[in-house]
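**Q** Below is the structure I would like to discuss, written out as C-alpha cells.
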Amino acid sequence: MHLEFEARVDNLKAIRPQVDETAVAEGFDEKTADQLVLAIDEACANVIRHAYEYKPGSVILNIYREDGDLVFVLEDFAESIDCSSIKPRKLDEVRPGGLGLNLIDQIMDSWEFVNSADGKGNVLIMKKQLPKKAKTAHVQM
Numbered sequence: 302m303h304l305e306f307e308a309r310v311d312n313l314k315a316i317r318p319q320v321d322e323t324a325v326a327e328g329f330d331e332k333t334a335d336q337l338v339l340a341i342d343e344a345c346a347n348v349i350r351h352a353y354e355y356k357p358g359s360v361i362l363n364i365y366r367e368d369g370d371l372v373f374v375l376e377d378f379a380e381s382i383d384c385s386s387i388k389p390r391k392l393d394e395v396r397p398g399g400l401g402l403n404l405i406d407q408i409m410d411s412w413e414f415v416n417s418a419d420g421k422g423n424v425l426i427m428k429k430q431l432p433k434k435a436k437t438a439h440v441q442m
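Here it is as C-alpha cells:
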C-alpha cells in the first residue's frame, strides 16, 4: 500500500482506517491492528509536530510484506535530523505528550530511523512480525 498525504493532523483520520484494514487483511487480530494504527498515527503525528513543525510538507507511508514481517515505511521531506538522537525516553524523563517512541517501541517488533538516501528528509522503518497463519497467505492490496 502506498499513501501520500500533506503533513496535517486532520489528514490522520483518513490514514487510520486504511492502516487498520491492511493489518486485518494481513491476518492481525483486531486488538493488534488497533495497536498498529496507534503506532502509525503517533509516528505520523511526530513527523507533523517535530519534522515539519506544523508547516506544510508531504509524507509518504508505504506498507508491504518482507521476510515474514509487515513493514511500515514513513518518509518525510523535512530537514534531516541526527538519527542517533531518536530513541525512547526513560519513563521518568517523559514530558506530557512525549511517549510516542516508547509506544512505537512497545508495539513494533523493530524500528529504525534513518536519513533519506538523497539527504533530504527522514525515514522511519517499523516492522511487525506477521501472524503465523498470515505468513503463507498473501492478501493483494
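So in our numbering the end of the sequence shown lands on 442, straight run, no missing numbers. The C-beta atom is built at its ideal place from N, Cα and C for all residues, glycine as well. Note that the coordinates shown come from a computational prediction; the quantities given were computed from them, not determined experimentally.
(1) So what's W412 in DSSP terms, helix, strand or just coil?
(2) Report yes or no: do three or more beta-carbon pairs, one from the region 405-413 and one from the region 314-321, lie closer than 8 Å?
(3) Given a cut-off of 9 Å, decide if V372 and K428 are closer than it, judged by their beta-carbon atoms.
(4) Between which residues of its own chain and S417 is the CB-CB distance below 6 Å, once the five residues before and five after are set aside?
(5) Which same chain residues, not among the five before or five after R366, have their C-beta less than 8 Å away from its C-beta?
(6) Please work out which residues of its chain come closer than 7 Å, Cβ to Cβ, to E343, disregarding the five sequence neighbours upstream and downstream, and give them in chain order.
(7) What is the residue span of the beta strand (DSSP E) that D330 lies within?
(8) So what does Q430 bridge to, in DSSP terms?
(9) Do you know how far the Cα of H303 is from the Cα of A379?
(10) For the beta strand (DSSP E) containing F306, name the first residue and the last one.
(11) I need the DSSP call for D377, collapsed to helix, strand or coil.
**A** Taking the coordinates as given:
(1) strand
(2) no
(3) Yes; because the gap between Cβ atoms is below 9 Å, this pair is in contact.
(4) Excluding its 5 nearest sequence neighbours in each direction, S417 has C-beta neighbours in its own chain below 6 Å: V424, listed in chain order.
(5) Within the same chain, R366 has close Cβ partners E327, V372, L431 and H439.
(6) The beta carbon of E343 sits closer than 7 Å to those of G401, L404 and I405, all from its chain and outside the five residues before and after it, given in chain order.
(7) Careful: D330 lies outside any beta strand (DSSP E) and carries neither H nor E.
(8) D370
(9) 19 Å
(10) H303 to E307
(11) Three-state DSSP puts D377 in a strand.
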